[in-house]
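Participant:
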Ligand code: SF4
Ligand code: SF4
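Chains as they are written, first to last, in this note's numbering: chain D, -15 to 382; chain U, 1028 to 1539.
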């Protein structure tokens, strides 16, 4: 396939958290908020005058200092972030929002706070309790926390307009981004997709890492370009299976590239900071208060394993099953950041359930934060692809 | 060998076998007292085993075999004790043994796995381990069972390798080997179908941490009864989370009412809270005395007992209150007599982090070997507030507060303020000069503070001794490994000699 015109540009932006567009927006007077997790509605962090940036640690090498503070037995994403903070890599941030997502992430944030690693005068880290069930009480809690801990704080410290009008504008911008990403993502359903999982991962991730209004042009152009893009002729040779990837946070498209190089085209992304969930439009109605609608969407769509009600646990499996069918996947890859409690358990259970109850071939792997050229991962995926092929030859359903 | 503390080299009791070589001579009076309690415990256990249904349970469940070590457990947890401390230990542990026998009898009486009575089963509400039970104070006709306590929690203190089989089962299922062995073992029991089948409904809770909550989710698939998940705020110290938490309690109560047909009995609830408050007042007195030069109720005499009455009984069993009153009397007398609990008090220590279940007698070793007095441990430092005895609306908030401040959870969740900062406050209050810092290798909740603890300890001029362990899995770090870390520090940094040199190195790798 012909290279996407702006792919290289986007890839470059992902090389740095404080990239050109972030700097540009900040120079124009915007407030930058670092986020680590999608438990807090992204929309309320992207009001006129502020925008959110996904805290990542691209090009991580050593994590020695992070390991000193958090030991070698914690999630590497958390350690890499702490390391990056100790190196001064998040000094540009005006605030961080730290939802009570997982305890390791909370510890990481508290290390950053206690060690005073971000020095801007008005900088703050806001710890926010978030619900663990998707019922009415959970939604109410989310509304309260969003209002008190996020909106009020942004207004108080940075004078951000948090009115309903401002929220409406944020929803409109969010929806615009979602429409484009959804349109592009739909191509992955094609028998011979005109976009690879890696390309899609770059485009999707960019929407979490840059001020949204500054990427819209190039995203639109990319969507236009894709309308007429010719898919690869040798698709079947390159990709011998189609897979859905689920699991822990993944902020490095190199992981997807590695999977695809091993012969499995990634057609659906159900991991934190992928498009499911996160890149769905919010269609507002006039009857219900706007913040309520935003929070409802976040709570109801959230697929994080920390949602503990039994029906929600079951829904997570149904959701993956439905996505995999919709995108014509041949198998599922559950990947888990090593030392992640949530996904450690979710992966273990899902491997059995998705295989036994839903009939999907499942590859279950743990991985470091920096996947790089992990030979082990490549070998596991190759073996998985082969097993799917053998099943197909033997005439199995999947 | 005499009634004097430290008169016997305690390490000589161990020769690499399952049990100790002989019983301790504590002088005539104390030895006689200890012996009579030993006989009492035999009686309690024989009575338990004589019941046919309990016998069936014994042969049905592999974890029951661990309880054969109960008497050894008692010996381990009274090692080197004399006078008031010996009596306090027996008063506490003997009551716990009786309580456990009762709990297991009710469990087996209703257990469908061994032909138990379905009518009795209908009266049981299944709760999580580590979960507060105060909600049940309002349901006098129902019985609450913390399901994981008999197979895992208590069993792992009886016998050091009690639950390793279940940890392995969970790992074979696919749970990563780096997770905390507690939820992993609990899940292992479920996978092995080794939980009694009882209950008309269950209430699960996001108790101690992410791992334990996730384990619950999978376990729930094995329990074929209606289930409610009680979500307690993570950042519970934030006042803005209180309404959410109180509403969760209301929803949980409604769930129990709807599934059982019972109605929440406010009178009974407040009666129990009166007992609970009284117990808290006694506990405050214990702490008060521990701040003085003559602490009396310390180490193991706080750690395991506090768990039982604060959490499992929650005010429903007034025997505990009476027991505490009696302990207070002994304590005050001993304090007035300036009784020292070890031959020589060299250090006053706070024990922080999560203790090793397979070495719950470790605090006793600290005092016997090195004269380090284990004033109080992190898990026991739960809420010491008094709760409303008559205000119904306030009661929902009270229960929510208690559920947030469950044993372990009140430090493993809640953030830096309760996990780290409080430690230095306690050090000051208790005039401690040392922190024994448990580092449980599988605990993802406290590990992230490792570097901050180091730095803060230096700032506070505090001796900080890391003791690495594997909570319920001695294969990760043995009892001897734990002792070695203290021995090293005491020799190299403090250049001290042990009070009892026989305890420095001895072989208990194979012991119960
Ligand atoms: S990958 Fe897991 S452990 Fe790491 S931050 Fe995310 S949820 Fe937490
Ligand atoms: S020891 Fe740590 S990881 Fe284990 S249950 Fe307790 S808080 Fe959770």
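We put the beta carbon where it would ideally sit given N, CA and C, even for glycine.
(1) Could you name the residues of chain U that residue 346 of chain D contacts, counting a contact when the two beta carbons are closer than 7 Å?
(2) If you count every other CB in all the chains shown that lies within 10 Å of the CB of residue 347 of chain D, and 16 or more means buried, which is it?
(3) Is it the case that the stretch 83 to 93 of chain D contacts the stretch 105 to 116 of chain D, given that we only count it when at least three CB pairs across the two stretches are under 8 Å?
(4) Using a Cβ cut-off of 7 Å, pull out every chain U residue sitting near residue 116 of chain D, in sequence order please.
(5) Do the stretch 254 to 272 of chain D and the stretch 226 to 235 of chain D meet, that is, are 3 or more Cβ pairs less than 8 Å apart?
(6) Quick one: which residues of the stretch 333 to 345 of chain D get their C-beta closer than 8 Å to a C-beta of chain U? List them in chain order.
(7) Is the Cβ of residue 1307 of chain U closer than 8 Å to any Cβ of chain D?
(8) Determine the direct distance from the alpha carbon of residue -9 of chain D to that of residue 312 of chain D, and round the result to whole angstroms.
(9) Quick one: give me the first and last residue of the beta strand (DSSP E) that residue 348 of chain D is part of.
(10) Compare the C-beta of residue 17 of chain D against all C-beta atoms of chain U and say whether one is closer than 8 Å.
(11) Closer than 8 Å, CB to CB, is residue 88 of chain D near chain U or not?
(12) Threshold first: 3 residues or longer. Then list the beta strand (DSSP E) segments lying entirely within the stretch 71 to 137 of chain D, N to C.
(13) Assess contact between the stretch 1361 to 1373 of chain U and the stretch 1517 to 1529 of chain U, defined as three or more Cβ pairs (one per stretch) separated by less than 8 Å. Is contact present?
(14) Is any heavy atom of ligand 1 found at a distance shorter than 7 Å from the C-beta of residue 1164 of chain U?
(15) Bridge partners of residue 36 of chain D, per DSSP?
(16) How would you label residue 1097 of chain U, buried or exposed, when you count the other beta carbons within 10 angstroms and need 16 or more for buried?
(17) Spell out whether any CB of chain D is found under 8 Å from the CB atom of residue 1353 of chain U.
(18) By how many angstroms is the C-alpha of residue 1045 of chain U removed from the C-alpha of residue 1051 of chain U?
(19) How would you call residue 1407 of chain U, buried or exposed, if buried means at least 16 neighbouring beta carbons within 10 angstroms?
(20) Residues of chain U with a CB under 7 Å from the CB of residue 383 of chain D: which are they?
(21) Just checking residue 232 of chain D against ligand 1 - is the residue's beta carbon closer than 7 Å to any of the ligand's heavy atoms?
(22) Comparing the CB of residue 1384 of chain U with every heavy atom of ligand 1, is any distance shorter than 7 Å?
(23) Comparing the C-beta of residue 1174 of chain U with each C-beta of chain D, is any distance below 8 Å?
(24) Listed in chain order, which residues of the stretch 305 to 335 of chain D have Cβ atoms closer than 8 Å to some Cβ of chain U?
(25) With DSSP as the reference, label residue 215 of chain D as helix, strand or coil.
(26) Which runs of the beta strand (DSSP E) fall wholly inside the stretch 1091 to 1164 of chain U and span at least 3 residues, in chain order?
(27) Just to confirm the assignment, what range does the beta strand (DSSP E) spanning residue 1466 of chain U have?
(28) Does the beta-carbon of residue 47 of chain D, which I'm using as the reference point, lie nearer than 7 Å to any heavy atom of ligand 1?
(29) Establish whether the CB of residue 25 of chain D and some CB of chain U are separated by less than 8 Å.
(30) Does residue 1333 of chain U come within less than 8 Å of chain D when only Cβ atoms are used?
(31) Tell me, please, whether the stretch 271 to 291 of chain D touches the stretch 21 to 32 of chain D by the rule of three or more beta-carbon pairs shorter than 8 Å.
(32) For the stretch 1365 to 1410 of chain U, list the beta strand (DSSP E) runs that are entirely contained and at least 3 residues long, ordered along the chain.
(33) Thinking residue 117 of chain D and residue 291 of chain D are a contact (beta carbons under 8 Å), I'd like their distance in whole angstroms, please.
(34) Please report the straight-line C-alpha distance between residue 1285 of chain U and residue 1250 of chain U, rounded to a whole angstrom.
(35) Could you tell me which residues DSSP puts in a beta bridge with residue 1493 of chain U?
(36) Give the DSSP bridge partners of residue -10 of chain D, in chain order.
Facilitator: For this structure:
(1) On the first chain, position 362 is the one that residue 346 of chain D refers to. What residue 346 of chain D touches in chain U: nothing, since even the nearest Cβ is about 10 Å away.
(2) As a first step, residue 347 of chain D must be located in the first chain, where it is residue number 363. Its Cβ being crowded by 16 or more others within 10 Å, residue 347 of chain D is buried.
(3) Touching, yes, given that three or more Cβ pairs across the two stretches are closer than 8 Å.
(4) By 1-based counting over the first chain, the position of residue 116 of chain D is 132. The answer, in chain order, is 1233 and 1258.
(5) yes
(6) The residues in question are 333, 335 and 336.
(7) For the purposes of this step, residue 1307 of chain U is taken as residue 280 along the second chain, with counting starting at 1. No, residue 1307 of chain U lies away from the interface with chain D (no Cβ there is under 8 Å from its Cβ).
(8) Looking up residue 312 of chain D in the first chain gives position 328. Looking up residue -9 of chain D in the first chain gives position 7. Those two C-alpha atoms are separated by around 25 Å.
(9) Numbered from 1 along the first chain, position 364 holds the residue referred to as residue 348 of chain D. It spans 346 to 351 - the beta strand (DSSP E) in which residue 348 of chain D sits, taken as one unbroken run.
(10) On the first chain, position 33 is the one that residue 17 of chain D refers to. False, the Cβ-Cβ gap to chain U never drops below 8 Å.
(11) On the first chain, position 104 is the one that residue 88 of chain D refers to. Chain U contact via Cβ: present.
(12) Annotation: the stretch 71 to 137 of chain D contains the following complete segments of the beta strand (DSSP E) (minimum length 3 residues), in chain order: 79 to 83 and 108 to 112.
(13) yes
(14) Start at 1 with the first residue of the second chain, and residue 1164 of chain U comes out as number 137. No, Cβ of residue 1164 of chain U sits at least 7 Å from all heavy atoms of ligand 1.
(15) Counting from one through the first chain, the residue named residue 36 of chain D turns up at place 52. DSSP, once it has assigned bridges, lists D:17 as partnering residue 36 of chain D.
(16) Taking the second chain and counting its residues from 1, one reaches residue 1097 of chain U at position 70. Per the 10 Å Cβ criterion, buried.
(17) In the second chain, residue 1353 of chain U corresponds to position 326, counting from 1. So, not an interface residue.
(18) Reading the second chain from its first residue, position 24 is the one you call residue 1051 of chain U. Reading the second chain from its first residue, position 18 is the one you call residue 1045 of chain U. Approximately 16 Å between the Cα atoms of the pair.
(19) To locate residue 1407 of chain U, count along the second chain from 1; it is residue 380. So residue 1407 of chain U counts as buried.
(20) No answer is possible for residue 383 of chain D: it lies beyond the span of chain D, which begins at -15 and ends at 382.
(21) To locate residue 232 of chain D, count along the first chain from 1; it is residue 248. Yes, ligand 1 has a heavy atom inside 7 Å of this Cβ.
(22) In the second chain, counting from the first residue as 1, residue 1384 of chain U sits at position 357. Because no heavy atom of ligand 1 lies under 7 Å away, the Cβ of residue 1384 of chain U does not count as near it: no.
(23) Position 147 of the second chain, counted from the first residue, corresponds to residue 1174 of chain U. So, not an interface residue.
(24) Here the close residues are 320, 322, 323, 325, 326, 328, 329, 330, 331, 332, 333 and 335.
(25) Within the first chain, numbered from 1, the residue matching residue 215 of chain D stands at position 231. Correct three-state label for residue 215 of chain D: coil.
(26) 1151 to 1154
(27) Along the second chain, read from residue 1 onward, the residue named residue 1466 of chain U stands at position 439. Per DSSP, residue 1466 of chain U belongs to the beta strand (DSSP E) from 1461 to 1467.
(28) By one-based count along the first chain, residue 47 of chain D stands at place 63. Checking every heavy atom of ligand 1 against the Cβ of residue 47 of chain D, none is found closer than 7 Å.
(29) As a working note, residue 25 of chain D is residue 41 in the first chain. No, no contact with chain U.
(30) Counting from one through the second chain, the residue named residue 1333 of chain U turns up at place 306. For residue 1333 of chain U, the answer is no, since every Cβ of chain D falls outside 8 Å of its Cβ.
(31) yes
(32) 1374 to 1379 and 1399 to 1404
(33) Walking along the first chain from the start, residue 117 of chain D turns up at place 133. Walking along the first chain from the start, residue 291 of chain D turns up at place 307. About 6 Å; that satisfies the 8 Å criterion.
(34) Here the question's residue 1285 of chain U lines up with position 258 in the second chain. Here the question's residue 1250 of chain U lines up with position 223 in the second chain. Distance between the alpha carbons of residue 1285 of chain U and residue 1250 of chain U is about 19 Å.
(35) Taking the second chain and counting its residues from 1, the one referred to as residue 1493 of chain U is at position 466. Answer by DSSP bridge pairing, in chain order: U:1464.
(36) One-based indexing of the first chain puts residue -10 of chain D at position 6. In the DSSP output, where bridge partners are listed per residue, residue -10 of chain D has none listed.
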